[in-house]
Each structure stands twice: as structure tokens, then as C-alpha cells.
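Student:
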Amino acid sequence: MTRRLTVAQATITFLKNQYIERDGVEVPYFGGCFGIFGHGNVAGLGQALQENPDFRYYQCRNEQSMVHTAVAYAKVKNRLGAFVCTTSIGPGATNMLTGAALATINRLPVLLLPGDIFATREPNPVLQQLESASTQDISVNDCFKPVSKYWDRINRPEQLIYSLPEVMRVLTSQAEMGAVTLSMPQDVQTHAYDFPEALFHKKVWHVGRPRPDVSTVQKAAEWIRASKNPVIVAGGGTIYSGATDTLHEFASKTGIPVGETFAGKGAVRYDAPYSIGGLGATGTKYAIEIANEADLVIGIGTRYSDFTTASKSIFKNPEVKFININICEFDAFKHAGLPVTGDAKVVLEEISGLIGDYHVPAEYRQRVADMNKAWDDEVTQIYLDGNSTTPPIDQAIVIGTLNSFMDDRDVMINASGSAPGDLHKLWRATDPKNFHLEYGYSCMGYEIAAGLGAKMADPTREVYVICGDGGYLMNNNEIVTAIQEGVRFTILLLNNNGFASIGGLSESIGSERFGTMYKYREENSGQLSGGFLPVDLAKNAESLGANVIKATDKDSLEAALAASKTSDRVTVIYIETSLYRTVKGYHAWWEVPIAEVSTSEKVQQAFETYQENKKTQRVFL
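In my numbering, each residue's number is its place in the sequence shown (first place is 1) plus 129.
(1) To the nearest angstrom, how far is the alpha carbon of Val-476 from that of Gly-388?
(2) How is the alpha helix (DSSP H) around Asp-551 delimited, first residue to last?
(3) Can you tell which of Leu-209, Val-156, Tyr-568 and Ser-194 has its C-alpha closest to the C-alpha of Ile-234?
(4) Please report the distance separating the alpha-carbon of Arg-133 from that of Pro-254.
(5) Can you tell which of Ala-262, Pro-468, Ile-631 and Met-573 has its C-alpha closest to the C-alpha of Gln-193?
(6) Whole beta strand (DSSP E) runs in the region 459 to 506 with 3 or more residues, listed along the chain?
(7) Relative to the alpha-carbon of Val-156, which residue among Ser-630, Ala-586, Met-646 and Ser-292 has its alpha-carbon at the smallest distance?
(8) Does DSSP put Ser-312 in a helix, a strand or coil?
(9) Kindly indicate the opening and closing residues of the beta strand (DSSP E) around Glu-741.
(10) Distance cutoff 8 Å, beta carbons only. Does Thr-140 sit that close to anything in chain B?
(11) Between which residues of its own chain and Ile-283 is the CB-CB distance below 8 Å, once the five residues before and five after are set aside?
(12) What are the partner residues of Arg-133, as DSSP defines its beta bridges?
(13) Starting from the N-terminal side, write out each stretch of the beta strand (DSSP E) that is 3 residues or longer and does not extend beyond the region 632 to 695.
(14) Spatial neighbours of Val-527 within its chain, please: CB distance less than 8 Å, with the 5 preceding and 5 following residues excluded, ordered by chain position.
(15) For a minimum of 4 consecutive residues, which ranges assigned as the alpha helix (DSSP H) are wholly contained in the region 182 to 222?
(16) Strictly by DSSP, which residues pair up with Met-603?
(17) Starting from the C-beta of Asn-606, find all residues in its chain whose C-beta is less than 6 Å away, skip the five residues before and the five after it, and write them out in chain order.
(18) Which complete beta strand (DSSP E) runs does the region 245 to 320 hold, if anything under 3 residues is left out?
(19) Val-592 by DSSP, collapsed to three states: which one?
(20) If you follow the alpha helix (DSSP H) that Ala-232 is part of, which residue opens it and which one closes it?
(21) Just the C-alpha distance for Ser-819 and Lys-731, rounded to the nearest angstrom, thanks.
(22) Assign Glu-351 to buried or exposed, taking buried as 16 or more other Cβ atoms, counted over all protein chains shown, within 10 Å of its Cβ.
(23) I need the DSSP call for Asn-453, collapsed to helix, strand or coil.
(24) Excluding sequence positions up to five away, which residues of its chain have a Cβ less than 8 Å from the Cβ of Ala-172?
(25) Buried or exposed: Arg-650, going by 16 or more other Cβ atoms within 10 Å of its Cβ?
(26) Residues bridged to Phe-703 by DSSP?
(27) On the criterion of 16 or more Cβ atoms from any shown chain inside 10 Å, does Arg-208 qualify as buried, or is it exposed?
(28) Which residue or residues does DSSP assign as beta-bridge partners of Arg-151?
(29) In whole angstroms, give me the CA-to-CA distance for Ala-229 and Phe-159.
(30) Check whether the Cβ atoms of Leu-242 and Cys-214 sit closer than 8 Å, and answer yes or no.
(31) Which stretch, first to last residue, makes up the beta strand (DSSP E) that contains Lys-332?
(32) Can you look up Ile-723 in the DSSP assignment and give me helix, strand or coil?
(33) Which value, in whole angstroms, describes the spacing of the CA atoms of Ala-735 and Ser-727?
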């Protein structure tokens with residue numbers, strides 16, 4: 130039995146019949162397709178989507194942001210659902226590269242279908258084609274190869290029969306997932322072929338819970354039983370596995386403190402007595418203290434980024450060992466750790482059964498509980514000590530006000546600027562999806578697009594996006610898409626007239642915030658050191674169709690948040706925040722290289738400090 134379809138029609142027909150199942154729960158895998166049409170996909174994939182209205186098409190405004198929206202959707206779905214993104218050839222395709230890199234770095238699935246040049250090569254060079262004097266078998270779509278977990282180009286219709294199952298294998302592989310790119314030459318999209326009917330039958334992709342090697346998990350249990358002051362580093366994989374309840378039971382039983390990465394924050398409640406909060410370069414002072422002393426680090430679903438390890442300087446105990454529980458073997462072997470490769474939930478269950486009645490010493494458990502209480506008191510004090518009444522107010526006040534206003538299941542989204550560091554320390558996470566921070570790529574412009582994707586993934590949750598002026602100016606266009614689709618969420622637009630995060634970093638390396646503030650160029654000096662630019666971001670958001678509310682202090686911010694819940698569309702709360710008053714760090718380092726020679730005394734001093742910090746770095750072999 131065969132069915133005669135174009136390549137594009139066959140692709141969409143196949144995709145809409147793909148399902149995913151874990152723990153007996155079966156759902157359609159794809160939520161639909163985001164796309165912007167051009168000559169490279171309008172007659173192929175565009176026509177196929179029009180012919181298949183049950184595979185919903187969403188009209189976006191920017192190719193990069195459509196991928197961000199898809200990634201946020203997959204993150205809220207715990208990687209058990211994804212979106213398709215299609216573009217034309219040329220700039221439409223390359224605009225997706227940033228989103229593709231973000232997806233792959235964060236281990237989140239998205240299917241990209243960029244149009245491509247003619248396979249026949251007859252009209253070469255076609256509009257927007259990259260030409261090469263050394264080969265004709267190349268296009269800008271080859272740029273997706275290093276940022277994709279799977280890449281293929283369909284030059285003949287029958288190749289689709291073998292490529293589409295591979296696409297789904299990678300998208301649903303817990304160890305391999307990321308961006309998948311299926312490059313579609315614009316002529317091949319329209320070519321017809323007698324495809325086997327079986328290609329379009331319903332297919333359910335089972336997501337299993339791989340168990341670890343028996344001897345390895347036994348050794349892990351032995352290491353835990355022998356440890357005196359262990360610490361758990363909970364990464365994003367803990368949440369994606371659905372292992373949060375299991376982790377709570379494990380930590381409650383053993384008393385092992387739990388620190389969290391950016392992706393893992395929310396794996397445990399902030400007020401659990403074993404919780405030490407954010408761990409790493411932007412972590413709490415108590416999490417850093419515990420990490421410094423730990424004789425055993427149990428990493429769960431973490432890839433040990435440089436922020437988590439404070440550039441490999443935070444685990445100072447000369448006898449420290451690592452147990453790495455990870456579905457991905459590549460991550461499980463990091464830091465010369467004991468690689469316990471398997472599903473986080475079942476691995477924790479098996480280890481728990483093997484350690485018997487092990488628990489940390491009573492004084493260690495009590496010390497951690499005291500730290501939890503002390504840090505919560507310190508967060509409260511930070512909120513009380515900050516400026517909350519005189520514009521511009523402190524960013525910490527905005528964070529605290531929002532955190533207190535939100536319900537437990539609501540979602541806060543952020544990705545870049547100075548907010549991530551403050552949020553990692555201060556945010557009181559109450560649910561695995563409460564803290565949604567993209568910090569694998571830390572991409573300015575992710576935030577608003579992600580708000581759309583998160584709300585689409587779970588409309589039962591209120592979604593709040595924290596976006597700085599820099600991120601807003603880079604990518605605000607999906608406000609229009611949200612209004613078009615009737616997707617309501619709230620954006621807190623924080624304006625401090627510059628790049629606060631990099632400005633602070635610039636200051637710390639002796640460069641005095643060079644090039645980081647939004648100021649006019651002065652004629653006399655030739656520098657960007659004049660007055661602030663007269664850009665009205667609130668009016669800009671209003672012009673895009675958003676409901677805009679201005680806030681100036683804590684009280685008006687609380688009122689604006691309450692009003693946003695009754696709005697019928699996207700609400701932007703505009704508030705000016707201080708560029709300089711930020712939450713301090715707590716004696717953890719992040720390596721940024723400093724110029725070895727400079728005429729600036731401040732840079733010279735920063736280089737001396739850098740050399741001292743380099744001495745704290747460890748090599749784990």
C-alpha cells in the first residue's frame with residue numbers, strides 16, 4: 130500500500146502521527162509548527178501545512194524567537210513534547226542558528242525544517258544562495274551541523290523514508306536530544322512520490338527509564354556510606370526525569386544537602402531543611418561553604434557548567450570524589466566521576482535501597498538546616514534593606530515582590546543580564562516549573578518568546594517574564610504572536626539604561642563599564658558618555674498591542690501585578706531599576722581572562738587578582 134504525496138505533505142503527515150509515552154502516559158509529540166514563509170518553503174511546507182489544518186500552524190515574527198518559543202515549550206513539557214519550526218532559505222534559515230545552539234546546549238528538543246537551494250541546481254544561483262568556488266554541494270544550512278544533534282538533507286523523496294524515523298529517534302532520546310535539522314531543498318519539497326502507507330501509521334515512542342549497571346550503583350552506595358559531608362548537585366535532568374519527589378525522599382532520609390544549578394532550581398522546595406539553594410559562582414554563601422568542604426559530590430542530571438563549578442574552583446576538599454548520575458554518558462564521566470548512567474529517578478531509588486539506614490552525622494544535618502533558615506532570613510533582609518520607594522528601585526525588590534506575589538505553580542522566566550545571578554541566589558522556588566531560567570546559552574532575547582512557549586505548554590499556569598531593556602530591544606516581536614493567538618502572560622520590563630551584567634563585569638576587570646550604557650556619543654571626547662537615550666520602551670510595547678502598566682515603586686508594582694491577572698492579553702509592566710545596586714556575590718569565582726599588560730592601573734590590579742584566583746582551580750583526574 131502506498132500514498133502519493135509531495136515530500137512536504139509526507140513530512141507533515143508523518144509528524145502529526147508521532148506520539149510519546151512515559152510511565153503509561155501517551156500524548157501527541159508535536160504541538161504544531163511555527164513558521165515564516167518565503168520562496169524556499171511557501172510552495173512546499175507552506176502548502177502542506179495548509180492542507181493539514183489538524184497540524185496547527187503558528188505565524189511568528191522572527192525565526193530565532195520561534196525556536197526559543199519551541200524550546201521553552203519543550204522545557205515545560207519535561208522534554209516530552211516539541212514543536213516544528215520552518216523557514217525559507219538564506220536569512221530565514223540562518224536566523225534559526227542561535228535558537229538551534231540554545232536548544233542543543235540545553236539538551237532540549239526542537240525540529241528545524243529550513244528551506245534549501247534547488248537540488249537540481251538548475252536555477253543556480255537562486256535568490257539568497259551562498260555560492261562556493263570549491264563545491265556546489267553546500268549551502269548556509271550546513272552551518273546547522275555543529276549545533277544539531279542530527280542533521281540531514283533530503284535530496285530525493287525516497288530519502289525521507291529513512292530520515293524521518295532517525296529524526297524521531299534523536300528527538301525522543303533522553304541522552305541525545307537537542308536541535309534536529311532536516312534541510313529541505315525547495316524543489317524537492319514539492320516533488321511527489323509513492324510513499325509506503327506504513328510510514329504514516331501512528332507511532333508511539335516509548336521513553337524508558339534505563340537502569341544503571343549493578344556493580345557501578347553498588348560502588349556509588351559504598352561511596353555514599355563512607356562519606357561524612359556529601360552534597361548533591363541537582364541539575365535540570367532531575368526535573369526532566371520527574372525525579373523531584375524521589376530526590377525529596379532521598380535527601381530527607383539521608384540528610385544530604387541539595388544545591389541547585391540554574392536548570393535544576395526548583396528540584397527541591399526552597400524551605401526544605403536540606404536545601405542550600407543555588408550552588409556555584411552565583412550561589413548562596415552557604416551552598417558555596419558546603420561545596421568547599423564536601424568529600425563527595427553527587428551530581429544528578431547536571432553537565433557541570435563553569436557557573437556550577439565556579440570555574441572548577443568550588444570543590445576544594447583535596448579528597449573530594451564525584452558520583453555522576455546522568456542519562457547521558459558524556460556528562461556522567463565528567464570530573465573523573467563514577468559514571469552512574471541511567472534515569473535519575475530509578476538510580477536514586479536503587480541507591481536508596483542499597484545504602485540502608487545511612488544518614489549524615491546529626492551535627493551536619495543540623496548545620497544544613499540552620500543554614501537553610503539563615504539564608505531565608507538573609508533573603509528577607511536583602512528585600513527589606515533595598516530601595517523600594519524611590520525610582521529607580523533595586524532589582525532585588527522587583528524579584529522579591531514578584532516572588533511573593535506568585536502562586537506556587539506559576540512560572541518565572543529569565544535568561545540574561547544581571548537578573549540570573551540575583552535570581553539564582555534569592556528566588557524561593559516552590560515547584561519544579563516555578564523557576565525557568567535559560568542559562569546554558571544565556572541568550573538575550575529568549576525571555577519574551579519563551580513566555581509564549583511556556584504558556585502554550587501549560588495554560589493552567591500563570592507565566593511571568595523578567596526581561597531587561599537589553600533583551601527587550603533585541604527581541605520583543607513575539608508579543609505580536611501572543612496577541613494574535615490569544616496567549617496571555619505578563620512581562621516585567623526592567624529598564625536600567627544599559628547592560629548591567631556586563632557593565633558590572635567590565636568594572637570588575639578594570640574597564641569601567643566601557644560600552645555598556647545607552648548614552649549619546651559626545652562630540653568632544655568621541656565616546657559614548659553623553660546623556661541617556663530618549664527611548665520609550667513602554668510606548669514601544671504599547672504599539673505592539675500589549676497592555677502596558679507603568680510602576681515606579683514596590684506598591685505600584687504589586688498593584689500592576691494584580692491588574693495583569695485580569696488582563697485579556699499580554700501585559701507589560703514597565704519599571705525603572707538601578708543600574709548599580711545589585712546583590713553581592715559570596716566568595717565564588719568565575720573565570721574571565723584579564724589583559725596581561727595594560728596602561729590602566731585598575732586592569733593591572735584585576736590581573737593580579739585573576740592570577741591568585743587561578744591558583745584555586747582544580748584538575749580532576
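Ideal Cβ positions, reconstructed from N, Cα and C, are used throughout, including at glycine.
Tutor: Taking the structure as given:
(1) In the sequence shown, the residue the question calls residue 476 occupies position 347. In the sequence shown, the residue the question calls residue 388 occupies position 259. Between Val-476 and Gly-388, the C-alpha separation is close to 18 Å.
(2) Against the sequence shown, residue 551 aligns to sequence position 422. Segment 548 to 555, the alpha helix (DSSP H) holding Asp-551.
(3) The residue given as residue 234 occupies position 105 in the sequence shown. Residue Tyr-568 is the option with its Cα nearest to Ile-234.
(4) Counting from 1 along the sequence shown, the entry for residue 133 is found at position 4. Counting from 1 along the sequence shown, the entry for residue 254 is found at position 125. Their Cα atoms are separated by approximately 30 Å.
(5) If you number the sequence shown from 1, residue 193 lands on position 64. Closest option to Gln-193, Cα to Cα, is Met-573.
(6) 467 to 470
(7) Mapped onto the sequence shown, residue 156 falls at position 27. Out of Ser-630, Ala-586, Met-646 and Ser-292, Ala-586 has the C-alpha closest to the C-alpha of Val-156.
(8) Numbered from 1 along the sequence shown, position 183 holds the residue referred to as residue 312. In the structure shown, Ser-312 falls within a strand segment according to DSSP collapsed to helix, strand and coil.
(9) Mapped onto the sequence shown, residue 741 falls at position 612. No beta strand (DSSP E) holds Glu-741; the alpha helix (DSSP H) holding it covers 730 to 743.
(10) The structure shown contains no chain B; it holds only a single protein chain.
(11) Sequence index remark: in the sequence shown, residue 283 carries index 154 (1-based). Within the same chain, Ile-283 has close Cβ partners Val-136, Leu-289, Ser-292, Leu-311, Ser-312, Met-313, Pro-314 and Val-317.
(12) Against the sequence shown, residue 133 aligns to sequence position 4. Per DSSP, Asp-323.
(13) Correct list: 676 to 680.
(14) Reading the sequence shown from its first residue, position 398 is the one you call residue 527. Contacts found: Ile-595, Leu-621, Leu-623, Leu-686, Ile-704 and Thr-706.
(15) 192 to 205
(16) Taking the sequence shown and counting its residues from 1, one reaches residue 603 at position 474. Its beta-bridge partners do not exist; DSSP assigns none.
(17) The residue given as residue 606 occupies position 477 in the sequence shown. For Asn-606, same chain residues with a beta-carbon under 6 Å away, outside a window of 5 residues either side, are Arg-190 and Asn-191 in chain order.
(18) 279 to 282 and 308 to 314
(19) Reading the sequence shown from its first residue, position 463 is the one you call residue 592. In this structure, Val-592 counts as strand in the three-state DSSP scheme.
(20) Taking the first residue of the sequence shown as 1, we reach residue 232 at position 103. In this chain, the alpha helix (DSSP H) harbouring Ala-232 covers 226 to 234.
(21) Outside the shown range of the chain, which is 130 to 750, sits residue 819, and nothing can be said about it.
(22) Along the sequence shown, read from residue 1 onward, the residue named residue 351 stands at position 222. Exposed, since its Cβ has fewer than 16 Cβ neighbours within 10 Å.
(23) Indexing the sequence shown from 1 puts residue 453 at position 324. If DSSP states are grouped into helix, strand and coil, Asn-453 belongs with the strands.
(24) To locate residue 172, count along the sequence shown from 1; it is residue 43. So the list reads Gln-315, Gln-318 and Thr-319, once near-sequence residues are dropped.
(25) Position 521 of the sequence shown, counted from the first residue, corresponds to residue 650. Arg-650 comes out exposed.
(26) Residue numbering aside, residue 703 sits at position 574 when the sequence shown is read from its first letter. Correcting the residue identity first, residue 703 is Tyr in this sequence and not Phe. Paired residue(s): Leu-622 and Lys-679.
(27) The residue you call residue 208 lines up with position 79 of the sequence shown. Result: buried.
(28) For this step, residue 151 is matched to residue 22 along the sequence shown. Bridge partners of Arg-151 according to DSSP: Val-154.
(29) If you number the sequence shown from 1, residue 229 lands on position 100. If you number the sequence shown from 1, residue 159 lands on position 30. Distance from the CA atom of Ala-229 to the CA atom of Phe-159, rounded to whole angstroms, is 17 Å.
(30) Counting from 1 along the sequence shown, the entry for residue 242 is found at position 113. Counting from 1 along the sequence shown, the entry for residue 214 is found at position 85. Judged by beta-carbon spacing, Cys-214 lies within the 8 Å limit of Leu-242, meaning their Cβ atoms are closer than that value.
(31) Against the sequence shown, residue 332 aligns to sequence position 203. Unbroken beta strand (DSSP E) run through Lys-332: 332 to 335.
(32) Numbered from its first residue, the sequence shown carries residue 723 at position 594. Under the three-state reduction of DSSP output, Ile-723 falls in the coil class, being neither helix nor strand.
(33) Locating residue 735 in the sequence shown gives position 606, where the first residue counts as 1. Locating residue 727 in the sequence shown gives position 598, where the first residue counts as 1. Rounded to the nearest angstrom, the two C-alpha atoms are 11 Å apart.
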